[in-house]
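J.:
Numbering (the working numbering), first residue to last: 30 to 276.
1. Apply the 10 Å Cβ neighbour rule to residue 215 and answer buried if 16 or more other Cβ atoms are within range, or exposed otherwise.
2. Taking the Cβ atom as the reference point for each residue, do residue 211 and residue 165 lie within a distance shorter than 7 angstroms?
3. Which residue or residues does DSSP assign as beta-bridge partners of residue 278?
4. Within 10 angstroms of its Cβ, does residue 275 collect 16 or more other Cβ (buried), or is it exposed?
5. By a C-beta neighbour count over all protein chains shown, 10 Å radius and 16 as the cutoff for buried, is residue 33 buried or exposed?
6. Are residue 153 and residue 132 touching if we call contact CB-CB under 7 angstroms?
7. For residue 265, which residues from the same chain have a beta carbon less than 8 angstroms from its beta carbon, with the 5 sequence-adjacent residues on both sides left out?
8. Would DSSP call residue 30 helix, strand or coil?
9. Mind pulling the alpha helix (DSSP H) runs of 4 or more residues that sit fully within the stretch 166-205?
10. Should the stretch 181-191 be regarded as contacting the stretch 217-229, the criterion being three or more beta carbon pairs within less than 8 angstroms?
11. For the beta strand (DSSP E) containing residue 222, list its first residue and its last residue.
12. Just to confirm the assignment, what range does the beta strand (DSSP E) spanning residue 132 have?
13. Give me, in chain order, the residues of the same chain whose beta-carbon lies closer than 6 angstroms to that of residue 178; leave out the 5 immediate sequence neighbours on both sides.
14. Using CA atoms only, rank isn't needed, just tell me which of 168, 138, 167 and 130 is closest to residue 155.
15. Where residue 53 and residue 72 are concerned, what is the direct C-alpha to C-alpha distance, given to the nearest angstrom?
16. Between 143, 147 and 41, which has its C-alpha nearest residue 123's C-alpha?
17. What does residue 212 pair with, by DSSP beta-bridge criteria?
Structure follows, in C-alpha cells:
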C-alpha cells in the first residue's frame, strides 16, 4: 500500500525525492520504494521524520511497535552500549529474583567481587535449592594470557586477577549446590545467568569488558538468543575442571 502520508509530508515540506535521497544517503529508487509502501530502517525513519518535521509513528504507523515485538520475540530486553551502563540495581534485582539457577562465566568478573554481600547471598540461594555455577578463567591457559596482551596490560595481569577472584570464591568450595570451575576457552562473551534472565557481555578486541556492550536477555517460548548463550555456557561448563583439581 502506497505511503500517502510520506508523499504528503514531502510536498508540505517542499522536499523532492532527489533531495530526500541525498539527505538519507540512499538512491532515488529506494525513496520510490518508501513511497510505494516499503518501511525504511529505524535510523532512516528517524532522520526522515526529523527532516520533514513529522511524527515517525504518523508516517509509518505501527513500525516501531512491530520492531519492539520482533525484539521481544528474540528475547532482547535491553541493549546497553557498555557493561558499565547496566544499572547496578539490575544486577541485584536479577540475583534476588533467581530461585533455581545462577551461572557466571567470566575470566575474572572482578566487579562482582566488589559486592560485599555477594558470597552470603549466593550461600542463601544455594541453601534454598538454587544451583550456583561459577566459571573462572584458567590462569595458565594461552587464551587468558593472549586476552591480557590484547587488552594491553601485559601477559600476566589477568592471571593475577584470576588468582584474586579464585581466592574470593574459595570459601564457597564446599557449599552444597555451589561449584566453581576453571575454563581455558577463548572467552567471546561473559555470561551471567539468573533463572530465565541473562546478561551477556560480548567482548571487543582491545577493549576491557566494562567498555564492551551488554545485552539483557530473557528466555522466550521459542528458541532465542537466551538459549543460544545458555548452550554456550553448558559447553564451557562441560569442558571445565574444578578449581582445586590439577590441569
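Even for Gly, the Cβ is constructed at its ideal location relative to N, Cα and C.
T.: According to the structure data:
1. exposed
2. yes
3. The question about residue 278 has no answer, for the chain in this structure spans 30 to 276.
4. The predicted model places residue 275 with a pLDDT of 43, which falls under 50 and marks its position as unreliable; any figure quoted below should be read in that light. That one is exposed.
5. exposed
6. no
7. 134, 164, 212 and 214
8. coil
9. 171-179 and 186-198
10. no
11. 218-223
12. 130-134
13. 184
14. 130
15. 10 angstroms
16. 147
17. 166
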